[in-house]
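Chemist:
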Amino acid sequence: MKARLAAGFAAALMTLTAPAVASAGPLSWIASGSGSGSAGLGGPSYANCTQARQAGVAPIFRGEPGYAPHLDGDNDGIACE
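See below:
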């Protein structure tokens, strides 16, 4: 019984520690974006919040395409709020 339990535990441990395989995951837009991308992220960029609002994307949250620190005056992670 102990041998079966140990073998099962070892198999589970190997499953949990197996290295991840690289894939085109959720951040694939960074490398393949089509916007003007002055920030280098491949997404759209806006000179000011008026442009972002006219594009219909405001507010923009940190981490989303189009977010830039110059659009987030209070540095709370939400631009053009």
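In mature numbering (1 follows the signal peptide of the UniProt record, and there is no 0), the protein residues as written are -22 to -1, 1 to 59.
Note that the Cβ used here is the ideal one computed from N, Cα and C, for glycine as well.
1) Where DSSP assigns a beta bridge to A57, which residues make up the other side?
2) Would you mind giving the Cβ-Cβ distance between residue 61 and P37, rounded to the nearest angstrom? I have them listed as a contact below 8 Å.
3) On a Cα-Cα basis, can you pick out the residue from G41, Y24, R40 that is closest to G34?
Modeler: The structure says:
1) Taking the first residue of the sequence shown as position 1, residue 57 is located at position 79. Paired residue(s): I38.
2) There is simply no residue 61 to check, as the chain begins at -22 and stops at 59 in what is shown.
3) Within the sequence shown, the letter at position 56 stands for residue 34. Nearest C-alpha to G34: Y24.
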